[in-house]
Amino acid sequence: MSMNRSMAKWACSVAEAELRESLPRRWMHSQGVARRAAELTELLGGDADLLASAAVLHDVGYAPRLAATGFHPLDGARFLRDDHAADERLVRLVANHSLALLEAEERGLQGELEAEFPLLDDHRLVDALVYCDMTTTPDGKGTSAEDRLEEIMERYGADSLVGRFIRRASPGILAAVGRVEAALAAHPR
């Protein structure tokens with residue numbers, strides 16, 4: 701357990717170092733996603749610190765110095781693997797957060813993402829990270845998944861690569877959020 705706690709603390713310091721100065725709004729979002737992850741602690745038990753680590757690091761690949769491919773899930777996962785020898789499950793969660801495989805397909809990077817960072821079999825963790833990301837605004841505040849998807853479409857435009865991805869990913873995102881919300885409702889605090 702102390703090892704996991706040190707992973708979450710380490711993850712926060714890495715994310716802060718990469719995002720706070722260069723992308724302050726992205727840093728606010730990442731902190732908000734981590735706060736959402738803390739709400740799922742009882743649901744996830746021993747994996748709560750892993751989720752907290754993935755939550756704060758999920759967008760680290762946006763950091764300008766890390767943006768090698770321009771696809772932040774892949775760039776972030778490679779950074780965590782290559783520069784930090786991070787936990788494999790953590791790296792795979794970051795690489796595949798919020799249905800990233802669909803965006804990788806739009807970018808012609810699906811094969812690379814699948815080969816280097818296969819999706820975790822633990823759908824509970826995958827869904828939890830989708831929930832945390834897709835119910836947090838760019839400023840780190842809570843929101844509904846529907847409002848978050850609408851905000852992304854407005855920000856990037858319906859005809860953009862991200863807009864096409866979000867249209868394709870929306871049913872899967874809403875389903876994942878729904879599963880987490882159902883689990884939360886069935887697990888009173």
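For what it's worth, my numbering labels the leading residue of the sequence shown as 701, then goes sequentially. C-beta: ideal position from N, C-alpha, C; glycine also. This one's a predicted model, so the numbers in the text were calculated from it and none came from an experiment.
- Closest option to Ala-711, judged by alpha-carbon separation, among Gln-810, Leu-861, Val-760, Thr-837: Val-760.
- For Phe-779, the uninterrupted alpha helix (DSSP H) segment begins and ends at 772–784.
- Between Ala-800 and Pro-838, the CB-CB gap reaches or exceeds 8 Å.
- Put simply, the backbone Cα of Lys-841 is about 31 Å away from that of Glu-814.
- Under a 10 Å Cβ-count criterion, Leu-861 is classified as exposed, with fewer than 16 other Cβ atoms of the shown protein chains found around its own Cβ.
- From the listed residues Ala-869, Glu-854, Met-834, the smallest Cα separation to Glu-881 is found for Met-834.
- By the criterion of at least three beta-carbon pairs nearer than 8 Å, the region 871–885 is in contact with the region 842–849.
- The C-beta distance from Ala-777 to Leu-829 rounds to 13 Å, too long to meet the 8 Å contact threshold.
- Fully contained in the region 725–813 are the following alpha helix (DSSP H) runs of length 4 or more, in chain order: 741–744, 748–757, 772–784, 788–795, 800–807.
- Leu-793 places its beta carbon 8 Å or farther from that of Leu-766.
- If you ignore the 5 residues before and after Arg-864, its C-beta comes within less than 7 Å of the C-beta of Glu-806, all in its own chain and listed in chain order.
- Annotation: the continuous alpha helix (DSSP H) that includes Asp-833 extends over 823–834.
- Ala-795 and Gly-878 have their C-alpha atoms spaced approximately 22 Å apart.
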